[in-house]
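The structure under discussion appears below in the form of structure tokens.
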Amino acid sequence: MLTLALILGIGGSGLCYLSHPNQNLLRCGLPRSCRLLAGLLLLGGLLCWCWQLGISAGLFAWLVTIMLSWVIPPYLGWLLGARQAAPDSPNR
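With my numbering, you'll find the sequence shown wraps up at 417, consecutive numbering, no jumps.
So this is what it looks like as structure tokens:
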């Protein structure tokens, strides 16, 4: 059940990130309708965390999952963008 909660939380926050216009992983972001699915996945993840760990610990685990899922993608986009731009740079 904890694995399901983790998958739902990461999937929901990933969809939410990728449907935002300022994301930098995809050339064209996902449609705004994906935000509804992201919200449902996040809610399902919250329910799984709370059912398994209790309300306070479940809420904390859910927030940590979302926080880490939203912190990592911008750095991945920056890293991938820097690697793609490196062969074209004249200073190499």
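Beta carbons are placed, not taken as given, at the ideal position from N, Cα and C, and that holds for glycine.
Keep in mind it's a predicted model, so treat the numbers as computed, not measured.
Between Gly383 and Gly337, the gap from beta carbon to beta carbon reaches 8 Å or more.
Ranked by how close their Cα comes to the Cα of Leu362, the residues Tyr400, Gly402, Leu340, Cys373 have Leu340 in first place.
When rounded, the separation of the alpha-carbon atoms in Ser358 and Asn349 is 19 Å.
When the alpha-carbon of Gly334 is set against those of Gly402, Trp374, Gly354, Leu343, the nearest one is in Trp374.
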